[in-house]
Amino acid sequence: MSTQIPKLETNRLSLRGPEPEDYPDFKATFTSYRARYMGGPLNAYEAWMLYAAEIGHWQIRGYGMWMIHDKTTDETYGMAGAWKPAAWPEAEIAWVIWPDKAGHGYALEATHAVRDYLYAQKGWDAAVSYIDPKNLDSIRLAERLGAVKDHDAATIDGNDAVYRHPAPADLKGSQLAHGIEMEISHYADPLFKPKGWAID
């Protein structure tokens, strides 16, 4: 049975299902140092197998990872979406930005839209993100999305930290949700120059 992958749009981005032509950017990232917190760097065969799994995940679960495209140029910036391989205790919200596209708020904008879709359209009432404790950029992003470390939640293999996202009722119309929207609008402003560490 074929799954029709929905298209999501934000102010700057178009999120679409992964296609074969998107693979070179995926491979370049997952065979690079950027993938050190995601089980990598992978060799070429491992990267190909993982990308095949990204596409197949949609067919098996009915949800998966979207490819993040620029709405105007169609350039790809990374991926964001939902992920639950067989060993995962819970379905997670995940993201990855290509190394040379970090620091522009793309992951925040895409992941915020993904979470809204999963809550409103797929009926999710909870979500986590499994993050390597050394991956400070992803931890900061999870915290900006309102996720907090859940010390009692089951991990994948004991080497990851579990960040639990706010429930739909807690997020809807909240100060946090308005704050996320405001930060996204700042990144969309060409004059906005964030200071400090590079963040997605």
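Counted the way our numbering counts, the sequence shown spans residues 40 to 239. Idealized CB from N, CA, C, for every residue including glycine. On a predicted model such as this, the values are computed, not experimentally measured, just so you know.
Item: Arg-55 versus Asp-64 - alpha carbon distance; Value: 15 Å
Item: Residues that DSSP places opposite Ile-219 in a beta bridge; Value: None; Ile-219 has no bridge partner.
Item: Supposed close pair Gly-117, Trp-134 - CB separation, criterion 8 Å; Value: 7 Å
Item: Ranges of the beta strand (DSSP E) found wholly within the segment 138-180, counting only runs of at least 3; Value: 167-170
Item: Alpha-carbon to alpha-carbon, Gly-103 and Met-40; Value: Residue confidence is low: Met-40 scores 43 on pLDDT, short of 50, so the model does not pin down where it sits. No coordinate-derived value is stated.
Item: Distance, Pro-45 Cα to Gly-185 Cα; Value: 25 Å
Item: Run of the beta strand (DSSP E) containing Thr-115, from where it starts to where it stops; Value: 115-122
Item: Proximal residues to Ala-146 (C-beta, below 7 Å), its chain only, five neighbours per side dropped; Value: Gly-117, Ala-119, Trp-134, Ile-136, Leu-180, Asp-239
Item: Closest residue to Val-153 among Ser-53, Pro-172, Gln-43 (Cα-Cα distance); Value: Ser-53
Item: Proximity winner among Ala-149, Trp-127, Phe-231, relative to Trp-105 (alpha-carbon distances); Value: Ala-149
Item: The beta strand (DSSP E) enclosing Trp-105, as first and last residue numbers; Value: 104-109
Item: Residue span of the beta strand (DSSP E) that contains Leu-52, given as start and end; Value: 52-55
Item: Minimum C-alpha distance to Gln-263 - residue among His-190, Ala-125, Arg-100, Glu-131; Value: Nothing can be reported for residue 263, as the shown portion of the chain is limited to 40 through 239.
Item: Phe-231, buried or exposed, once every other Cβ within 10 Å from all chains shown has been counted against 16; Value: exposed
Item: Reduced DSSP secondary structure (H/G/I, E/B, other) of Leu-89; Value: helix
Item: Residue range of the unbroken beta strand (DSSP E) whose run includes Tyr-202; Value: 200-203
Item: Reference Pro-172; option with closest CA among Ala-141, Ala-227, Tyr-76; Value: Tyr-76
Item: DSSP state of Leu-210 mapped onto helix, strand, coil; Value: helix
Item: Best match in Arg-203, Ile-195, Ala-206 for proximity to Lys-123 [C-alpha to C-alpha]; Value: Ile-195
Item: Which residues DSSP lists as bridging Trp-134, in chain order; Value: Ala-119
Item: C-beta atoms of Ala-206 and Lys-188 nearer than 8 Å; Value: no
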